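The structure under discussion appears below in the form of structure tokens.
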Ligand SMILES: Cc1cc2nc3c(=O)[nH]c(=O)nc-3n(C[C@H](O)[C@H](O)[C@H](O)COP(=O)(O)OP(=O)(O)OC[C@H]3O[C@@H](n4cnc5c(N)ncnc54)[C@H](O)[C@@H]3O)c2cc1C
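Residue numbers (this note's numbering): 813 to 1193.
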């Protein structure tokens, strides 16, 4: 097969990938078991990744970022997947920073972006609530303006980076009677913040090192300049504007995991013997791996097109939603087939395919469930 190179890559990006791969493989991957045991990533590692310039690759250097492009971030996301580093919550951290870059005032950018880039602050996005996930307009968290402050009241759940985050983007209603136009985003610095409380780390079936948590805001009073962009009621539009970014990242992870699953399973099938020959010599194995490789490649070509369009500023929400649902559905299908080809060993946690199986499932649920993605696509037809 002629080697395929993603059209958005060039020699400089390939060299960047070399540096990222060495750092992720040699430094981060060995920490994965400790993070999983602790159900969180340690603060020092966040700062280390920040010092490497890998937290906010695409944020301009005037705001402390690395001054690269979305392509640099994509490489970091891919390398984390290829090395099986599932605990490090760069995705929501980066999304949080991009909200600030795109929607924040100049003062807000200068206040938060440099500290997010260095890892001094860790970001989280708090949209989901116990009674509202897909139906974002059904959230109950309130932000009432009292003088020069907003008082936040409500609870959030399933929040990635929930235990480590020190800057949380909170979705709240400033006007409960105004529907989507009554939603606003608040950036809450959590250190020493009265009325802010972290709940337990939730017990999940996968991603054991990600500190998915409940967060509570009990009369949590923040200065008025925590309102993102300084305009009430802009939150829903701000969220919508950033969705193609988030969905492309989730789809990209789906592709990278498929690629890793195919590679590891091909290696395994070439080694493992049954009935006097390797698994790879059996037609079923060959066909299953051929199908998996084809799906991973079709997925790669599609996500590459999304990445190119994102870089060109032309990626629309419906196409990004196609990438999110289809690639994560294919991810679960491919990883399941690859686990099957491992036999009993595929069910053992010491084999990476087992962790990939458990971790993959949530990809179809978060970032907007795959059913919601299809709604969005259908609305565009
Ligand atoms: C590990 C993990 C990490 C997460 N991280 C974050 C985070 O960092 N920040 C954050 O805010 N949230 C986060 N979430 C929450 C996630 O985004 C929600 O779980 C998701 O949006 C679905 O919402 P829900 O769980 O309330 O399900 P519900 O909205 O109750 O949906 C239940 C089912 O009904 C389907 N459904 C709902 N509405 C429709 C419809 N109109 N048409 C057809 N089907 C529909 C859904 O697709 C789903 O299958 C995370 C979740 C998990 C599990």
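Even glycine gets a Cβ: it sits at the ideal position worked out from N, Cα and C. Quick caveat, the model's predicted, so the values are computed rather than measured.
Check: Do you know how far the Cα of residue 1042 is from the Cα of residue 1107?; Outcome: 45 Å
Check: How is the alpha helix (DSSP H) around residue 1017 delimited, first residue to last?; Outcome: Element bounds for residue 1017: n/a, residue is neither H nor E.
Check: Using 10 angstroms around the beta-carbon of residue 865, count the other beta-carbons present and answer buried if the total reaches 16, otherwise exposed.; Outcome: buried
Check: Is there at least one non-hydrogen atom of ligand 1 closer than 7 Å to the beta-carbon of residue 873?; Outcome: no
Check: Which one of 968, 983, 1105 and 850 has the shortest CA to CA distance from residue 911?; Outcome: 983
Check: Does the Cβ of residue 1017 have 16 or more other Cβ atoms within 10 Å, making it buried, or fewer, making it exposed?; Outcome: exposed
Check: Comparing alpha-carbon positions, which option in 898, 1121 and 932 lies nearest residue 842?; Outcome: 898
Check: Examine ligand 1 and report whether any of its heavy atoms sits within less than 7 Å of the Cβ of residue 947.; Outcome: yes
Check: Is any heavy atom of ligand 1 found at a distance shorter than 7 Å from the C-beta of residue 1077?; Outcome: no
Check: Hey, out of 1063, 1001 and 1101, whose CA is closest to residue 1075's CA?; Outcome: 1101
Check: Just checking residue 1019 against ligand 1 - is the residue's beta carbon closer than 7 Å to any of the ligand's heavy atoms?; Outcome: yes
Check: Opposite residue 966 in the DSSP bridges: which residues?; Outcome: 1029
Check: Which stretch, first to last residue, makes up the alpha helix (DSSP H) that contains residue 1106?; Outcome: 1095–1124
Check: Which word fits residue 890, buried or exposed, when buried means at least 16 other C-beta atoms lie within 10 angstroms of its C-beta?; Outcome: buried
Check: In this structure, does DSSP put residue 930 in helix, strand or coil?; Outcome: helix
Check: Can you give the Cα-Cα distance for residue 951 and residue 1046, rounded to whole angstroms?; Outcome: 15 Å
Check: Buried or exposed: where does residue 1193 fall if 16 or more other Cβ atoms within 10 Å of its Cβ makes it buried?; Outcome: exposed
Check: Using 8 Å as the cut-off, can you tell me whether the stretch 987–1007 makes contact with the stretch 877–889, which would need three or more C-beta pairs spanning the two stretches below that distance?; Outcome: no
Check: Would you kindly work out how many angstroms separate the C-alpha atoms of residue 1014 and residue 1118, rounded to a whole number?; Outcome: 33 Å
Check: Output the distance between the C-alpha atoms of residue 935 and residue 1161, rounded to the nearest integer angstrom.; Outcome: 30 Å
Check: Note down, one range per segment and in chain order, each beta strand (DSSP E) of at least 3 residues found wholly within the stretch 899–961.; Outcome: 935–938 and 954–958
Check: Which residue's Cα is closest to the Cα of residue 1146: 1132, 1166, 1156 and 1124?; Outcome: 1166
Check: Are the CB atoms of residue 1007 and residue 784 within a distance shorter than 8 Å?; Outcome: As displayed, the chain neither begins before 813 nor continues past 1193, which places residue 784 out of reach and without an answer.
Check: Kindly indicate which three-state DSSP category residue 991 falls into: helix, strand or coil?; Outcome: helix
Check: Just to confirm before moving on: does the CB-CB distance between residue 1172 and residue 1152 stay below 8 Å?; Outcome: no
Check: Less than 8 Å between the C-beta atoms of residue 1059 and residue 1179, yes or no?; Outcome: yes
Check: Could you tell me if residue 901 is buried or exposed, where buried requires 16 or more neighbouring beta carbons within 10 angstroms of its beta carbon?; Outcome: buried
Check: According to DSSP, which residues form a beta bridge with residue 1090?; Outcome: 1085
Check: Look at the alpha carbon of residue 988 and the alpha carbon of residue 949, and state the distance between them as a whole number of angstroms.; Outcome: 9 Å
Check: Taking only three categories from DSSP, how would you classify residue 813?; Outcome: coil
Check: Assuming residue 1021 contacts residue 844 under a Cβ cut-off of 8 Å, what Cβ separation, rounded to an integer in Å, is found between them?; Outcome: 7 Å
Check: Give me whichever residues DSSP pairs with residue 1035 in a beta bridge.; Outcome: 961
Check: Which whole-angstrom value describes the C-beta separation of residue 938 and residue 1054, a residue pair presumed to lie in contact below a C-beta threshold of 8 Å?; Outcome: Their Cβ separation, rounded to whole angstroms, is 14 Å, which puts residue 938 and residue 1054 out of contact at 8 Å.
Check: According to DSSP, is residue 1001 part of a helix, a strand, or is it coil?; Outcome: strand
Check: Considering residue 1009, what are the terminal residues of the beta strand (DSSP E) in which it resides?; Outcome: 1008–1013
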